[in-house]
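Asker:
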Amino acid sequence: PRAASTAAPSAAVDLSRVKAAMEDAAAVQADIDRRRAPGNAAEAAALYRDLVAIQQSCDALRAERKRVAKGQGDREFKVEEGKRIKAELAELEPALKAAEAAAMAAAARLPNATHPDAPLGDET
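Residue numbers (this note's numbering): 98 to 221.
(1) Would you mind stating whether Ala196 and Leu148 have Cβ atoms separated by less than 7 Å?
(2) Under the assumption that Ala205 contacts Val110 (Cβ atoms under 8 Å), give the Cβ distance between them as a whole number of angstroms.
(3) Under the three-state reduction of DSSP, which class applies to Gly136: helix, strand or coil?
(4) Please state the DSSP three-state secondary structure of Val115.
(5) I want to know whether the stretch 148-162 touches the stretch 132-139 - three or more CB-CB distances under 8 Å.
(6) Quick one: what's got a C-beta closer than 8 Å to Met201's C-beta in the same chain, skipping five residues either side?
(7) Just to confirm my understanding: we take Leu217, look at its own chain, exclude 5 residues before and 5 after, and list those with CB closer than 8 Å. What are they?
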């Protein structure tokens with residue numbers, strides 16, 4: 098029998114609300130405030146932008162590493178260049194994990210969008 102995992106399951110985060118906040122943070126924040134919910138639309142959008150920038154940097158380095166490995170040329174150069182790229186990626190990985198955790202935490206604090214026809218008022 099397999100041992101049960103002790104890690105808590107991670108909840109899926111709907112990034113559509115963050116993407117809406119990136120387009121119009123004021124409107125999303127107004128909806129959050131009307132609902133008296135926790136969450137900061139501008140912060141979530143900024144953290145998501147940071148995450149995307151780091152992801153793009155990592156992706157570019159991985160593509161460069163692949164291009165160097167498959168390219169023509171001196172084997173020694175390819176090995177050294179591969180080591181350099183690997184070191185850069187190793188430096189970025191902790192930042193990527195931290196940015197992902199921060200962005201997902203901020204996104205999880207954003208409530209779903211209120212339907213335009215929903216009445217405003219006490220939720221009880």
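We put the beta carbon where it would ideally sit given N, CA and C, even for glycine.
Answerer: Well, looking at it:
(1) Taking C-beta atoms as the reference points, Ala196 and Leu148 count as a pair closer than 7 Å.
(2) About 5 Å; that satisfies the 8 Å criterion.
(3) Correct three-state label for Gly136: coil.
(4) DSSP places Val115 in helix when its eight states are reduced to three.
(5) Result no; under three Cβ-Cβ pairs closer than 8 Å.
(6) Within the same chain, Cβ atoms closer than 8 Å to the Cβ of Met201 are found at Val110, the five residues on either side in sequence being excluded.
(7) Excluding five sequence positions before and after Leu217, the CB atoms of its chain that fall closer than 8 Å to its own CB belong to Arg131, given in chain order.
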